[in-house]
Amino acid sequence: MPSAFPDAAPNQVLGDQPRELGWDGLAKVLDAISPSVDTRVPLTPAEVATRIEGLIRTERLPEALAEVEKRLVAEASRSTPGTDVQLMFMQARLFTEMNRLNEAETTYQRMTMRFPELPEPWNNLAALYVRRDELDQARRALEQAVMINPKYAVAQANLGDVQLSLALRAYQRAAAAGVPGLTPRIRSVKNLIEAPAK
73 MPSAFPDAAP NQVLGDQPRE LGWDGLAKVL DAISPSVDTR VPLTPAEVAT
123 RIEGLIRTER LPEALAEVEK RLVAEASRST PGTDVQLMFM QARLFTEMNR
173 LNEAETTYQR MTMRFPELPE PWNNLAALYV RRDELDQARR ALEQAVMINP
223 KYAVAQANLG DVQLSLALRA YQRAAAAGVP GLTPRIRSVK NLIEAPAK
């Protein structure tokens, strides 16, 4: 009886692709001559940063932190000098976002010692101090950032905000101690602090 599918082999299940014998042989040859070492080109620091930023954006923070820490270990074991500072910033940022504030602080402090020319770690330390209401310490950190780079506008603005908060605190303490007439100043400083940045 003739088959309704003339190209089908007698024992072939319809829908299955017939086996192509020529490619198996070629595949074996290619497997035999393929290199035994990993020949992939490693990601550049910019590509690593982009990948980690993508993980952070999608809120895959533990995965992003694991990637950062893996890269930092690889950096420490390489024979050439240098450090990817961006990785350290990402690590501290992830610690902050994961509410691991002591580890973030330690990372930023380590950066201030290893890279004294960078004002950003000082600014970021100040942000952590403000969260803990340690305004004097935040002011000192921001003064250090501004001393390193007087044109670092973010640190300048943050220093102004911290100084306003310190002024408010001082006026409130003075008023509580009985100094008269400070209510208008307290109100003015509060208005400055609460005014949205434009």
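Position 183 of the sequence shown, counting from 1, maps to 255 under the numbering used here, and the rest follow consecutively. Think of the CB as a built atom: it goes at the ideal place given N, C-alpha and C, for glycine as much as any other residue.
*DSSP three-state assignment for E206, whether helix, strand or coil*: For this step, residue 206 is matched to residue 134 along the sequence shown. It is coil, neither helix nor strand.
*asked:* If I measure Cβ to Cβ from V234 and keep anything under 8 Å in the same chain, skipping five residues before and after, which residues do I get?
replied: The residue you call residue 234 lines up with position 162 of the sequence shown. Within the same chain, V234 has close Cβ partners A198, V202, L207, A210, R211 and L214.
*Given a threshold of 16 other Cβ atoms within 10 Å of its Cβ, counted over all protein chains shown, does V226 qualify as buried or as exposed?*
If you number the sequence shown from 1, residue 226 lands on position 154. Exposed, since its Cβ has fewer than 16 Cβ neighbours within 10 Å.
*Starting from G126, follow the alpha helix (DSSP H) in both directions and report where the run begins and ends.*
For the purposes of this step, residue 126 is identified with residue 54 of the sequence shown, where counting begins at 1. Its alpha helix (DSSP H) spans residues P117 to R129.
*In angstroms, rounded to a whole number, what distance separates the CA positions of L240 and Y180?*
Walking along the sequence shown from the start, residue 240 turns up at place 168. Walking along the sequence shown from the start, residue 180 turns up at place 108. Taking the straight line from one Cα to the other gives about 28 Å.
*In angstroms with no decimal places, state the Cα-to-Cα distance between P117 and Q163.*
Counting from one through the sequence shown, the residue named residue 117 turns up at place 45. Counting from one through the sequence shown, the residue named residue 163 turns up at place 91. So the two alpha carbons sit approximately 14 Å from each other.
*asked:* Can you tell me where the alpha helix (DSSP H) holding L190 begins and where it ends?
replied: Here residue 190 refers to the residue found at position 118 when the sequence shown is read from its first residue. Where L190 is concerned, there is no enclosing alpha helix (DSSP H), given that its DSSP letter is neither H nor E.
*Could you pull the start and end residues of the alpha helix (DSSP H) that Y243 belongs to?*
Reading the sequence shown from its first residue, position 171 is the one you call residue 243. A225 to A248 is the extent of the alpha helix (DSSP H) around Y243.
*Alpha carbon to alpha carbon, how far is A136 from E177?*
On the sequence shown, residue 136 is found 64 positions in, with the first residue counted as 1. On the sequence shown, residue 177 is found 105 positions in, with the first residue counted as 1. Rounded to whole angstroms, A136 to E177 spans 19 Å at the Cα level.
*Helix or strand or just coil, what does DSSP make of M160?*
Against the sequence shown, residue 160 aligns to sequence position 88. Here M160 sits in helix by DSSP.
*With distances taken between CB atoms, is the gap from M183 to L133 smaller than 9 Å?*
Taking the sequence shown and counting its residues from 1, the one referred to as residue 183 is at position 111. Taking the sequence shown and counting its residues from 1, the one referred to as residue 133 is at position 61. Cβ atoms of M183 and L133: not closer than 9 Å.
*Consult DSSP for L86 and reduce its assignment to one of helix, strand or coil.*
Counted from its first residue, the sequence shown places residue 86 at position 14. Because the pLDDT of L86 is 46, which lies under 50, any placement of that residue in the model is unreliable, and the question is left without a value.
*If you count every other CB in all the chains shown that lies within 10 Å of the CB of A267, and 16 or more means buried, which is it?*
As a position in the sequence shown, residue 267 is number 195, starting the count at 1. By the 10 Å Cβ count, A267 comes out exposed.
*Label N230 either buried or exposed according to how many other C-beta atoms from any shown protein chain fall within 10 Å of its C-beta, with 16 as the threshold for buried.*
Locating residue 230 in the sequence shown gives position 158, where the first residue counts as 1. The residue is buried, with at least 16 neighbouring Cβ atoms inside 10 Å.
*asked:* I'd like to know whether the C-beta atoms of P222 and Q228 end up nearer to each other than 9 Å.
replied: Counting from one through the sequence shown, the residue named residue 222 turns up at place 150. Counting from one through the sequence shown, the residue named residue 228 turns up at place 156. Cβ distance < 9 Å, so P222 and Q228 count as in contact.
*asked:* Is the separation between the beta-carbon of D156 and that of L144 shorter than 9 Å?
replied: Your numbering for residue 156 matches position 84 in the sequence shown. Your numbering for residue 144 matches position 72 in the sequence shown. The answer is yes: Cβ separation under 9 Å.
*Under the rule that 16 or more other beta-carbon atoms within 10 Å means buried, what is N195, buried or exposed?*
The sequence position of residue 195 within the sequence shown is 123, counting from 1. N195 comes out buried.
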